[in-house]
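Visitor: Counting in this note's numbering, the sequence shown runs from 235 upward without gaps.
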Amino acid sequence: MIINIKVLVFLLLSLSYASAQEMGFGCLGLVGGYIGYCSQQYQPGGINAYILDVNEFNKDSIAVPLSNFNQLKGFRFGLYFFQFTYTGFVVTVKGYYQSLNEKQDVRFFGPGAVTTIHTYEVISKNIGFGMDVGMEITTSFHWKILESWLLFNNFQFNTSVNTVFGITSSETYKDPETNVGYTVGTGFIYYLIDKYVSIESSVGVSKLKTNMLKGNSGKYLQLESGNQKSVDNSIQSGGLTVVLQINFSFPL
Numbered sequence: 235m236i237i238n239i240k241v242l243v244f245l246l247l248s249l250s251y252a253s254a255q256e257m258g259f260g261c262l263g264l265v266g267g268y269i270g271y272c273s274q275q276y277q278p279g280g281i282n283a284y285i286l287d288v289n290e291f292n293k294d295s296i297a298v299p300l301s302n303f304n305q306l307k308g309f310r311f312g313l314y315f316f317q318f319t320y321t322g323f324v325v326t327v328k329g330y331y332q333s334l335n336e337k338q339d340v341r342f343f344g345p346g347a348v349t350t351i352h353t354y355e356v357i358s359k360n361i362g363f364g365m366d367v368g369m370e371i372t373t374s375f376h377w378k379i380l381e382s383w384l385l386f387n388n389f390q391f392n393t394s395v396n397t398v399f400g401i402t403s404s405e406t407y408k409d410p411e412t413n414v415g416y417t418v419g420t421g422f423i424y425y426l427i428d429k430y431v432s433i434e435s436s437v438g439v440s441k442l443k444t445n446m447l448k449g450n451s452g453k454y455l456q457l458e459s460g461n462q463k464s465v466d467n468s469i470q471s472g473g474l475t476v477v478l479q480i481n482f483s484f485p486l
């Protein structure tokens, strides 16, 4: 795997050097950064089984039950390592850090009209390394024919209980391991300032997966119904990914 990455980088550097005179931007073409907003669909089978168990086990105390988790939202911050044109195609190598979440609150009505608010939150933090190959449709409008990402994902699930006195209990369950996934998609780029400032939209399909989540206490996430069954397949799969971002580039 490491050797293949080195070979890929060497080939891309060689191609960028070969096209340098055509571009007039030096041996690495354009570099830069971007800020984006991401919506990620996912299938948290194990976590939704836990939520269903919470609803059923506490049905006499919950007026409005919790819904299934299904969509993460948040921001990504990325860098273009280099970008160049080769035989009419625009090749970009890039990376990002991303933090997404989905959160729900539910009111529990206890004896003596005591009300507590229980909060459940799924958090996804990942680093992505990717490459896209595109082409110029017009001077201002480019099509990303194929975009691919290799993802290193960390998931966590937070639970907390709040009263008028503040948080009375909380627990954070984390994935003990970093899971590898991927995204494959396509998109479009519209240049506001030629080559330097652009708006980009992407759509793709992501593969995400994690199994059991371990809490700060060292115990795995378990169903509340008291049978001590650990929640597995916390995240079963990914889904549709949509990103809207603004890019800033400059020549080397």
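Positions of the beta carbon are idealized from the N, C-alpha and C atoms, including for glycine.
Is the segment 333-343 close to the segment 292-310, with three or more CB pairs under 8 angstroms?
Guide: With a cut-off of 8 angstroms, the segment 292-310 and the segment 333-343 count as touching, because enough Cβ pairs lie within range.
Visitor: Taking C-alpha atoms, which residue in F303, T475 and T349 lies nearest to Y416?
Guide: In the sequence shown, the residue the question calls residue 416 occupies position 182. Cα-wise, what sits closest to Y416 is T475.
Visitor: Decide if the segment 433-441 is in contact with the segment 399-409; the criterion is three or more beta carbon pairs, one per stretch, under 8 angstroms apart.
Guide: With the cut-off at 8 angstroms, the segment 433-441 and the segment 399-409 do not touch.
Visitor: Might you give, ordered along the chain, the residues of its own chain that have their beta carbon closer than 8 angstroms to the beta carbon of T420, omitting 5 neighbours on each side?
Guide: In the sequence shown, residue 420 corresponds to position 186, counting from 1. W377, K378, I379, L380, E381, S436, V437 and G438.
Visitor: So N481 is in the beta strand (DSSP E); what residue range does that whole segment cover?
Guide: Here residue 481 refers to the residue found at position 247 of the sequence shown. L474 to P485 is the span of the beta strand (DSSP E), which, as asked, contains N481.
Visitor: Quick one: residues in its chain with C-beta nearer than 8 angstroms to the C-beta of Y314, no 5 flanking neighbours on either side, listed in chain order?
Guide: Working through the sequence shown from its first residue, we reach residue 314 at position 80. Result list for Y314: L264, V265, G266, G267, Y268, T326, V327, K328, N481 and S483, in chain order.
Visitor: Have a look at P278 and S471 and give me their C-alpha separation to the nearest angstrom.
Guide: Walking along the sequence shown from the start, residue 278 turns up at place 44. Walking along the sequence shown from the start, residue 471 turns up at place 237. Near 7 angstroms, if we compare the C-alpha coordinates of S471 and P278.
Visitor: Out of A297, Q317 and Y271, which has the shortest C-alpha to C-alpha gap to F311?
Guide: Reading the sequence shown from its first residue, position 77 is the one you call residue 311. Of the listed residues, the one whose Cα sits closest to F311 is Y271.
Visitor: Closest to H352 by CA distance: which of T444, N392 and Y425 is it?
Guide: As a first step, residue 352 must be located in the sequence shown, where it is residue number 118. Ranking T444, N392 and Y425 by Cα distance to H352 puts N392 first.
Visitor: Less than 8 angstroms between the C-beta atoms of N388 and T412, yes or no?
Guide: Working through the sequence shown from its first residue, we reach residue 388 at position 154. Working through the sequence shown from its first residue, we reach residue 412 at position 178. Contact flag set, yes.
Visitor: For N335, which option in L300, N360 and T321 has the closest C-alpha, if you only look at C-alpha atoms?
Guide: One-based indexing of the sequence shown puts residue 335 at position 101. Of the candidates L300, N360 and T321, the one whose C-alpha sits nearest the C-alpha of N335 is N360.
Visitor: Taking the alpha-carbon positions, what's the S358 to L426 distance?
Guide: Translated into the one-based positions of the sequence shown, residue 358 becomes position 124. Translated into the one-based positions of the sequence shown, residue 426 becomes position 192. Cα-Cα distance, rounded: 31 angstroms.
Visitor: In angstroms with no decimal places, state the Cα-to-Cα distance between Q390 and S273.
Guide: Numbered from its first residue, the sequence shown carries residue 390 at position 156. Numbered from its first residue, the sequence shown carries residue 273 at position 39. So the two alpha carbons sit approximately 17 angstroms from each other.
Visitor: Could you check the C-alpha separation between G449 and Y354 for me, to the nearest Å?
Guide: Taking the sequence shown and counting its residues from 1, the one referred to as residue 449 is at position 215. Taking the sequence shown and counting its residues from 1, the one referred to as residue 354 is at position 120. Going from the Cα of G449 to the Cα of Y354 covers about 14 angstroms.
Visitor: Going by the beta-carbon positions, is the gap between D409 and L447 smaller than 8 angstroms?
Guide: Working through the sequence shown from its first residue, we reach residue 409 at position 175. Working through the sequence shown from its first residue, we reach residue 447 at position 213. Against a cut-off of 8 angstroms, the Cβ pair of L447 and D409 comes out as a contact.
Visitor: For the beta strand (DSSP E) holding F363, just list the boundary residues, first then last.
Guide: Within the sequence shown, the letter at position 129 stands for residue 363. Element bounds for F363: T349 to E370.
Visitor: Tell me which residues share the same chain as G323 and place their Cβ nearer than 6 angstroms to its Cβ, disregarding the 5 neighbours each side in the sequence.
Guide: Position 89 of the sequence shown holds residue 323. The amino acid at residue 323 is misidentified as Gly; the sequence shows Phe. So the list reads V367 and M369, once near-sequence residues are dropped.
Visitor: Quick one: is Q462 buried, meaning 16 or more other Cβ sit within 10 Å of its Cβ, or exposed?
Guide: To locate residue 462, count along the sequence shown from 1; it is residue 228. Q462 comes out exposed.
Visitor: May I have the straight-line CA-CA distance separating N304 from N282, to the nearest angstrom?
Guide: What you label residue 304 is simply residue 70 of the sequence shown in a count that begins at 1. What you label residue 282 is simply residue 48 of the sequence shown in a count that begins at 1. Whole-angstrom Cα-Cα distance: 9 angstroms.
Visitor: Identify the residues that DSSP records as bridge partners of F323: which are they?
Guide: For the purposes of this step, residue 323 is taken as the residue at position 89 of the sequence shown. Bridge partners of F323: Y320 and M369.
Visitor: Can you have a look at S414 and say buried or exposed, based on whether 16 or more other CB atoms are within 10 angstroms of its CB?
Guide: Along the sequence shown, read from residue 1 onward, the residue named residue 414 stands at position 180. First, the residue type needs correcting, since residue 414 is Val and not Ser in the sequence shown. V414 is exposed by the Cβ-count criterion.
Visitor: Could you tell me how far apart the beta carbons of Y407 and L457 are, in whole angstroms, since I believe they sit closer than 8 angstroms?
Guide: Stepping through the sequence shown from its first residue, residue 407 is reached at position 173. Stepping through the sequence shown from its first residue, residue 457 is reached at position 223. About 13 angstroms separates the two Cβ atoms, so there is no contact after all.
Visitor: Beta-carbon within less than 6 angstroms of Y330's beta-carbon, same chain only, minus the 5 sequence neighbours each way: which residues are those?
Guide: Position 96 of the sequence shown, counted from the start, is the residue given in the question as residue 330. Closer than 6 angstroms at the Cβ level, and outside the excluded window around Y330, lie R310, G312 and G362.
Visitor: Going by C-alpha to C-alpha distance, which of S374, F375, V418 and G344 sits closest to S397?
Guide: As a first step, residue 397 must be located in the sequence shown, where it is residue number 163. Before going on, a small fix: residue 397 reads as Thr here, not Ser. Cα-wise, what sits closest to T397 is G344.
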